[in-house]
Amino acid sequence: MAFSYDEDYFMKTVPFIYGNENLREPQVQGYYHVYDHFVVKQKKSHAVIVLPTGVGKTGLMSILPYSISQGRVLIIAPQIVIKETVIDALNPDKPENFWIKRHVFDRPQQLPALIEFEGSKTSKEVLEAANVVVVNIQKLQGRLDSSPLNHLPEDFFDMIIIDEAHHSTARTWVETIQHFSQAKVIKVTGTPFRTDKEKITGDLAYKYKLSQAMANKYVKSLENLTYIPEKLMLTIDDDSSKKYSIDEIYQMGIKDEDWVSRSVAYSEECARSVVNMSVKMLETKLRGTTVPHKIIAVASDIKQAKIIQGLYNEYDLPTTIVHSDLNEQEREKAFSDIKNHRTKVVINVSMLGEGYDHPYLSIAAVFRAFRNPLPYAQFVGRILRSIPDDEVKKADDNIGQIISHKHLAIEQLWDFYKVEIQESEIIKHLKDFDILKPIISDVPGSSGTRELDLGTATEIGEGKIIGDVYLTTELIKQKKSEDRAREKKIIELQSVLEINREEAESIVDTTASSQSNIKRPDLYFASKRKDIDVSIKENIVPNILMKFDIDKTTATIQDCGLFKNKYSWIKTRIRDNGGMLAVYFMTYLKNEIGASKDKWTIDDYDIAYEKLPPMVDYVEKILDDYLNQ
Numbered sequence: 039m040a041f042s043y044d045e046d047y048f049m050k051t052v053p054f055i056y057g058n059e060n061l062r063e064p065q066v067q068g069y070y071h072v073y074d075h076f077v078v079k080q081k082k083s084h085a086v087i088v089l090p091t092g093v094g095k096t097g098l099m100s101i102l103p104y105s106i107s108q109g110r111v112l113i114i115a116p117q118i119v120i121k122e123t124v125i126d127a128l129n130p131d132k133p134e135n136f137w138i139k140r141h142v143f144d145r146p147q148q149l150p151a152l153i154e155f156e157g158s159k160t161s162k163e164v165l166e167a168a169n170v171v172v173v174n175i176q177k178l179q180g181r182l183d184s185s186p187l188n189h190l191p192e193d194f195f196d197m198i199i200i201d202e203a204h205h206s207t208a209r210t211w212v213e214t215i216q217h218f219s220q221a222k223v224i225k226v227t228g229t230p231f232r233t234d235k236e237k238i239t240g241d242l243a244y245k246y247k248l249s250q251a252m253a254n255k256y257v258k259s260l261e262n263l264t265y266i267p268e269k270l271m272l273t274i275d276d277d278s279s280k281k282y283s284i285d286e287i288y289q290m291g292i293k294d295e296d297w298v299s300r301s302v303a304y305s306e307e308c309a310r311s312v313v314n315m316s317v318k319m320l321e322t323k324l325r326g327t328t329v330p331h332k333i334i335a336v337a338s339d340i341k342q343a344k345i346i347q348g349l350y351n352e353y354d355l356p357t358t359i360v361h362s363d364l365n366e367q368e369r370e371k372a373f374s375d376i377k378n379h380r381t382k383v384v385i386n387v388s389m390l391g392e393g394y395d396h397p398y399l400s401i402a403a404v405f406r407a408f409r410n411p412l413p414y415a416q417f418v419g420r421i422l423r424s425i426p427d428d429e430v431k432k433a434d435d436n437i438g439q440i441i442s443h444k445h446l447a448i449e450q451l452w453d454f455y456k457v458e459i460q461e462s463e464i465i466k467h468l469k470d471f472d473i474l475k476p477i478i479s480d481v482p483g484s485s486g487t488r489e490l491d492l493g494t495a496t497e498i499g500e501g502k503i504i505g506d507v508y509l510t511t512e513l514i515k516q517k518k519s520e521d522r523a524r525e526k527k528i529i530e531l532q533s534v535l536e537i538n539r540e541e542a543e544s545i546v547d548t549t550a551s552s553q554s555n556i557k558r559p560d561l562y563f564a565s566k567r568k569d570i571d572v573s574i575k576e577n578i579v580p581n582i583l584m585k586f587d588i589d590k591t592t593a594t595i596q597d598c599g600l601f602k603n604k605y606s607w608i609k610t611r612i613r614d615n616g617g618m619l620a621v622y623f624m625t626y627l628k629n630e631i632g633a634s635k636d637k638w639t640i641d642d643y644d645i646a647y648e649k650l651p652p653m654v655d656y657v658e659k660i661l662d663d664y665l666n667q
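Just so you know, we're using my numbering here: the sequence shown kicks off at 39 and counts up by one.
Below is the structure:
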């Protein structure tokens, strides 16, 4: 079939932006500042937008082209995880895509044609029909025959949006911008600094501070906790007969702070202390709430990640390791396990540094010695995304916590994160153009075999925890109030019932929990499993067929737009309208959960039920447009 392309789509389609209470203030204001930059002031310079992680960067990117772009839009992501996050949020085929979910548009028919550029797999015909093209930066490399730089005209895109623009010194970025030289360029980032610590080229169009985001509860509040061992001893040059304290090493000038922090990072004993503290923090956070909080840990390499995994396994916590060497199937399973709460600890090796959206990552455990503030800020950003208000049970649900070992020596990065990145004036004295030069990565190779100069670190005595908060928000105050109230109840119970503290804590926490005690979990699970089938086959599908007066035995809706891409097989195997709809609903839920229904847990069924209402609304809008065209 031939594809059609509407060149004026972004100029004539009117989104609901101003007055839309489903959009966040920085999304609306960010849009109007970019409109002012390119349309009102007619600027040719790059527009830079600085938004903290978790505020709604992808949502802002989705509305930026309207009334600004006079043609196609190219969205460039620096890595696969970010690209997949953008596509997942904007996919017009998904009932919960950003435009529909946030009521920017009411009808799926109003949405732009969006594709993922997959190199030689993407035909020119498909490219030419798209309003939005999402691409991973690696696919744009000029040395590849399939690169758009080698066969697309210079005016093919009217707007280029660079996601996570602190990567914008990379040669491929610059070559792309130079090739499509007339395009409006928007750089969106969570930090105004590039990976080489230089500032991002362009005019600052809009900035939203982390302190603003916290005050408005768009992101979690932050606590930084540091584990301090009573005493730390190290060996030098593989000589186990002699151990030195930190002070002795510095006084004698034998080794520097980098060597000490590196030795601590690779010490299993020091890692065990941080694991122990993070597990205690998770237990506290899970107390009295139904929010599925998780730990995200960062390791230097895959070997270290597996050691850390073993330490968490000692606590019987399910763990998932995510790194760049995973194949596509392994990566999909890992992300599905995280998304659907089949894991409690995510161990990350230079994979989830940015762009990954999972609000239930609430505790950041640091096991590597950061040198550069940018990757540190990106990692901390993983725990910033806020828990939805309707899920929050206590103030602590929306307080992210960082835990690290004192001798990893990252206190300065925390101070830089608090002050320099978020509170300083952003992007002054910008250069006229990006310079083509290689980026020096802060992240060690995931599977390299380089020799490291390390000492063996051992801890002596009892360690302690000290803490610092980014900003004393209302949530921090509320948490302290809740902690005081809990402590008062515990003391009262100990006195009245003459019981020990542990027993009193158990009574208080059991009373506070909103989870009911299910006496027959086997029957409850069987009921859940049966009920979703009944809901779809005996309620949802019949109601849709009756509402639109659709004959259940014919196949008149096979071309309505639901049965395409990964759902195209349905219309070839199912020959009636009712069956096609029922199979579509179940297949969509299977894809979202990441497992076939026979492998679903009770939590998976809860997730499935939450997804049904927006699915029904989406399907009804698709059918309404199709049947009344």
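Virtual Cβ for every residue (Gly too), placed ideally from N, Cα, C.
| Check | Outcome |
| --- | --- |
| Residue from V579, V384 and H331 with nearest C-alpha to S400 | H331 |
| Span separating the alpha-carbon of S279 from that of E286 | 16 Å |
| Residue interval of the alpha helix (DSSP H) (run including Q367) | E366 to K377 |
| Whether I334 touches A251 by CB criterion (8 Å) | no |
| Identified DSSP bridge partners for F195 | R110 |
| Alpha-carbon spacing of P411 relative to D453, whole angstroms | 10 Å |
| Whether I578 touches V654 by CB criterion (8 Å) | yes |
| Residue burial classification, Q65 (beta-carbon count within 10 angstroms, cutoff 16) | buried |
| Terminal residues of the beta strand (DSSP E) in which K438 lies | In the sequence on display, residue 438 carries Gly and not Lys. Its beta strand (DSSP E) spans residues I437 to H443. |
| Reference K444, options S311, V111, N254 and T592, closest by Cα | S311 |
| Rounded Cβ spacing between I340 and V387 (contact assumed at less than 8 Å) | 6 Å |
| Buried or exposed (CB count within 10 angstroms, at least 16 for buried), P191 | exposed |
| Start-to-end residues for the alpha helix (DSSP H) that takes in K95 | K95 to I101 |
| E286 beta carbon near the ligand ZN (any heavy atom closer than 7 Å) | In the structure on display, the ligand ZN does not appear, and there are no ligands present to speak of. |
| Other residues of its chain near E366: CB distance less than 8 Å, five sequence neighbours each side excluded | none |
| Inter-residue Cα distance where the pair is S374 and T381 | 10 Å |
| N-terminal and C-terminal residue of the beta strand (DSSP E) that T273 is part of | K269 to I274 |
| Nearest neighbour of G92, chosen from D144, T227 and I106 [CA to CA] | T227 |
| Extent of the continuous alpha helix (DSSP H) to which K139 belongs | F136 to K139 |
| Cβ neighbour criterion (16 or more within 10 Å) applied to G291 | exposed |
| For S338, the nearest candidate out of L320, R522 and Y304 (CA to CA) | Y304 |
| Contacts around E500, its chain only, beta-carbon distance under 8 Å, and the 5 residues preceding and following it disregarded | E268 |
| Exposure of R423, with buried meaning 16 or more beta-carbon neighbours within 10 Å | buried |
| R145 in three-state terms, based on DSSP | coil |
| Strand pairing of I153, partner residues [DSSP] | V171 |
| Supposed contact pair D201 and I113 - C-beta distance, whole angstroms, cut 8 Å | 6 Å |
| For L627, the three-state DSSP class (helix, strand or coil) | helix |
| Cβ-based burial, N33 [other Cβ within 10 Å; buried from 16] | Outside the shown range of the chain (39 to 667) lies residue 33, about which nothing can therefore be said. |
| Whole-angstrom C-beta distance between I504 and I345, which should lie under 8 Å | Between I504 and I345 the Cβ distance is about 26 Å, and since that is not below 8 Å, they are no contact. |
| Residue interval of the alpha helix (DSSP H) (run including T322) | E306 to L324 |
| A407 and G240 closer than 8 Å at C-beta | no |
| Three-way DSSP call (helix, strand, coil) for N666 in this model | coil |
| Cβ-Cβ distance between F155 and V172 below 8 Å | yes |
| Residues sharing a beta bridge with R423, DSSP | V257 |
| Contact check, T357 vs I376, beta carbons under 8 Å | no |
| Proximity below 8 Å, CB of G68 to CB of Y244 | yes |
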